[in-house]
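Colleague: Starting off with a structure, shown below.
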Ligand code: GRF
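Numbering (the numbering used here), first residue to last: 29 to 242.
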């Protein structure tokens, strides 16, 4: 798992992976900043951690190769970006093609990039949400694995809306990792394809109605 900050999605994955039937275990939490809050939590959980600072490399790929060495050493087979705030090189994306997933706090393809909640409110959308997708070199593109939608309420600011979205992020990220780890969803020809039957190439997750208005 690659993080840059507080690591609440990382924590959701760690907690999900505790279940005996979860098809993945967390072998490494790697941060590009030594002060990433999530590192402490990972250590407390007994999960190996590593820090690879992103500064001081001649280019993006050099940094990515250093991270990759740590990841390979850990034996990881899937890389989850969980609030990792660096763009990845095409080399790294190729290396982990179909095994690299990210969570984005918006209903892609709307609101790629930063400040998604502010921009959703400014745009006046009534539905917002979160997306887990396979990573390709183009930022916030790549086949969608799971999405959750939440309403945008009239009194929302970026903080209240962001908190509502975050609750859903913590639900769909473990679900999406489960789909990828079991092979139920795979990336093929630029799409997320269900390998267990059905025409759907992605899992669509609606919010628990009890939580929807909160
Ligand atoms: C989340 O909103 C995630 O969607 C985005 O960065 C944020 C990370 O939060 N990519 P956390 O570190 O998982 O709490």
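Note that beta-carbon positions come from the ideal geometry of N, C-alpha and C, so glycine has one too. Remember, predicted model here, so these are calculated numbers, not experimental data.
From 152, 90, 140, pick the residue whose C-alpha is nearest to that of residue 166; which is it?
Modeller: The candidate whose alpha carbon is nearest that of residue 166 is 140.
Colleague: For residue 201 and residue 161, what's the separation of their Cα atoms in angstroms?
Modeller: If you take the alpha carbons of residue 201 and residue 161, they lie about 10 Å apart.
Colleague: Taking 7 Å as the cut-off, decide whether the C-beta atoms of residue 124 and residue 89 are in contact.
Modeller: Cβ atoms of residue 124 and residue 89: not closer than 7 Å.
Colleague: Just to confirm before moving on: does the CB-CB distance between residue 121 and residue 163 stay below 7 Å?
Modeller: Closer than 7 Å, so yes.
Colleague: Considering Cα atoms alone, identify which of 91, 175, 48, 51 is closest to residue 59.
Modeller: That would be 91, whose Cα lies nearest to the Cα of residue 59.
Colleague: Taking the beta carbon of residue 182 as the centre, do at least 16 other beta carbons fall within 10 Å, making it buried, or is it exposed?
Modeller: The residue in question, residue 182, is exposed, as its Cβ has fewer than 16 Cβ neighbours within 10 Å.
Colleague: Which class does residue 58 belong to by DSSP, given the choice of helix, strand or coil?
Modeller: Strand, per DSSP.
Colleague: Do you know offhand how far residue 42's Cα is from residue 149's?
Modeller: Computed Cα separation, rounded: 31 Å.
Colleague: Does DSSP put residue 180 in a helix, a strand or coil?
Modeller: Residue 180: coil per DSSP, three-state reduction.
Colleague: From the DSSP secondary-structure annotation, give me the bridge partner or partners of residue 130.
Modeller: Residue 130 is bridged to 109, 161.
Colleague: Would you kindly report the start and end of the unbroken beta strand (DSSP E) that includes residue 77?
Modeller: Residue 77 -> beta strand (DSSP E) spans 77-79.
Colleague: Closest by CA to residue 70, which one among 87, 47, 36, 52?
Modeller: Comparing Cα positions, the closest option is 36.
Colleague: Measuring from the CB of residue 202, is there a heavy atom of the ligand GRF at a distance below 6 Å?
Modeller: Residue 202 Cβ: outside cutoff for every heavy atom of the ligand GRF.
Colleague: Starting from the Cα of residue 137, find the closest Cα among 104, 175, 101, 113 and give me that residue.
Modeller: Considering only alpha carbons, the answer is 175.
Colleague: For residue 128, which residues of its own chain have a beta-carbon under 7 Å away from its beta-carbon, when the five flanking residues on both sides are left out?
Modeller: 107, 121, 162, 163, listed in sequence order.
Colleague: Since residue 215 is in the beta strand (DSSP E), which residue starts that stretch and which ends it?
Modeller: Counting along the chain, the beta strand (DSSP E) containing residue 215 begins and ends at 213-216.
Colleague: From what residue to what residue does the beta strand (DSSP E) around residue 222 run?
Modeller: Looking at the DSSP string, the run of the beta strand (DSSP E) that includes residue 222 is 219-222.
Colleague: Out of 49, 63, 190, which one is the CA nearest neighbour of residue 33?
Modeller: Per the Cα distances, 63.
Colleague: In the DSSP assignment, the alpha helix (DSSP H) including residue 198 goes from what residue to what residue?
Modeller: Start and end: 186-210.
Colleague: Considering only residues of the same chain and omitting the five flanking positions on each side of residue 184, which have a CB-CB separation below 7 Å?
Modeller: Cβ within range, chain order: 149.
Colleague: Beta-carbon within less than 7 Å of residue 52's beta-carbon, same chain only, minus the 5 sequence neighbours each way: which residues are those?
Modeller: Closer than 7 Å at the Cβ level, and outside the excluded window around residue 52, lie 45, 106, 205, 209.
Colleague: So is the beta-carbon of residue 110 under 6 Å away from any non-hydrogen atom of the ligand GRF?
Modeller: Yes, Cβ of residue 110 sits closer than 6 Å to a heavy atom of the ligand GRF.
Colleague: Can you give the Cα-Cα distance for residue 227 and residue 217, rounded to whole angstroms?
Modeller: Confidence in residue 227 is poor, its pLDDT being 42 and thus under 50, which makes the residue's placement unreliable; the coordinate value appears in the next sentence. About 15 Å.
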